[in-house]
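Numbering (our numbering), first residue to last: 300 to 362.
Please read the structure below before turning to the comments.
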């Protein structure tokens with residue numbers, strides 16, 4: 300690589316933002332998947348999924 304012999308590949312990355320009451324708490328970047336966990340056992344969470352900043356869907360899940 301130091302001699303300039305390498306192949307550069309573009310990859311898609313996932314960005315996860317954790318927001319509460321319309322305030323952003325955390326942003327993380329992932330390569331393959333994002334795991335949502337409330338830190339409690341048997342807890343209901345609701346989240347929204349955006350693709351390229353366009354709303355895709357919302358989901359409620361027991362985790």
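Beta carbons: idealized from backbone N, C-alpha and C, even for Gly.
As the structure is a prediction and not an experimental result, all values here were calculated from the model.
The alpha-carbon of residue 323 is positioned some 20 Å away from that of residue 332. CA-CA distance, residue 341 to residue 360, rounds to 10 Å. Secondary structure note for residue 320: it is in no beta strand (DSSP E), with a DSSP letter that is neither H nor E. Under DSSP, residue 304 forms no beta bridge with any residue.
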